[in-house]
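One structure below.
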Amino acid sequence: MTDSGQITLLLRRIRQGDRGAEADLVPIVYGHLHRLAQCHFLSERPGQTLHPTALISDLYLRLIHDTPVDWQNRAHFYAVAAATIRRILVDHARAVNAQRRPNPNLRVQFEDVVIYSEDRVYEILLVDQALCKLREWDARQAKVVELRYFGGLSLDEIGEALGVSKRSVSRDWNMARAWLSAFLNDSAKLTVS
């Protein structure tokens with residue numbers, strides 16, 4: 000059975016209350032999730048209070064234990080994981096930001112924000128704010144960005160998760176990147192709460 004089929008089967012068992020399926024799922028998804036978390040910390044300095052293993056632990060607790068999810072398949076699992084990673088990073092950035100205020104004249108490059116660092120919490124909060132605005136304009140484009148940046152999914156996987164073609168995802172991705180870049184380049188006008 001493929002990993003995709005096995006993940007879907009285990010998620011169904013979890014949905015039915017099979018606690019043993021959780022133990023079977025972790026080794027299958029852990030590698031992908033850990034690599035994804037590491038991508039968010041590429042330029043991390045020593046002494047950060049959040050690191051990939053802590054991110055994955057928090058993710059696991061939120062995905063499996065905190066909120067019961069009616070898991071559909073592998074794509075659904077990774078889509079929910081992407082949204083949860085975003086929330087974890089934003090929550091952590093808000094906590095750090097509460098301790099110090101950012102430079103309001105900071106210019107943010109959208110492509111650079113995927114890398115998490117406590118020195119860059121302002122950027123994470125700005126991207127979260129931008130994604131919320133983008134969601135008001137085009138919810139699917141916002142979801143494509145979330146799945147791509149926070150979930151590390153390929154265009155094919157995003158298409159599967161959203162039930163649209165790869166071509167539609169590619170178009171959404173390109174339009175969303177352009178919109179977000181323009182929004183973030185105008186960031187001096189924004190306030191981060």
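If you count by numbering that gives the first Met the number 0, then the sequence shown holds residues 0 to 192, one letter each, in order. Even glycine gets a Cβ: it sits at the ideal position worked out from N, Cα and C.
By the three-class DSSP mapping on this structure, what secondary structure does H75 have?
Three-state DSSP puts H75 in a helix.
Check this for me: beta carbons of F149 and I55, under 8 Å apart or not?
Contact: no.
Tell whether a beta-carbon distance below 8 Å holds between L146 and A129.
No, the Cβ-Cβ distance between L146 and A129 is not below 8 Å.
Confirm, please, whether the CB-CB distance from I87 to L133 is below 8 Å.
Taking the C-beta atoms as reference points, I87 is found no nearer than 8 Å to L133.
By the 10 Å Cβ neighbour count, where 16 or more other Cβ atoms means buried, how is A141 classified, buried or exposed?
Burial of A141 is indicated by the presence of at least 16 other C-beta atoms within 10 angstroms of its C-beta.
What's the gap between the Cα of Y77 and the Cα of D185?
Spanning the two alpha carbons is a distance of roughly 31 Å.
If you reduce the DSSP assignment to three classes, tell me which class W70 lands in.
Shown here, W70 sits in coil according to DSSP, grouped into three states, outside any helix or strand.
Neighbourhood of W172 by C-beta distance below 6 Å, restricted to the same chain and skipping five residues each side:
Result list for W172: V143, in chain order.
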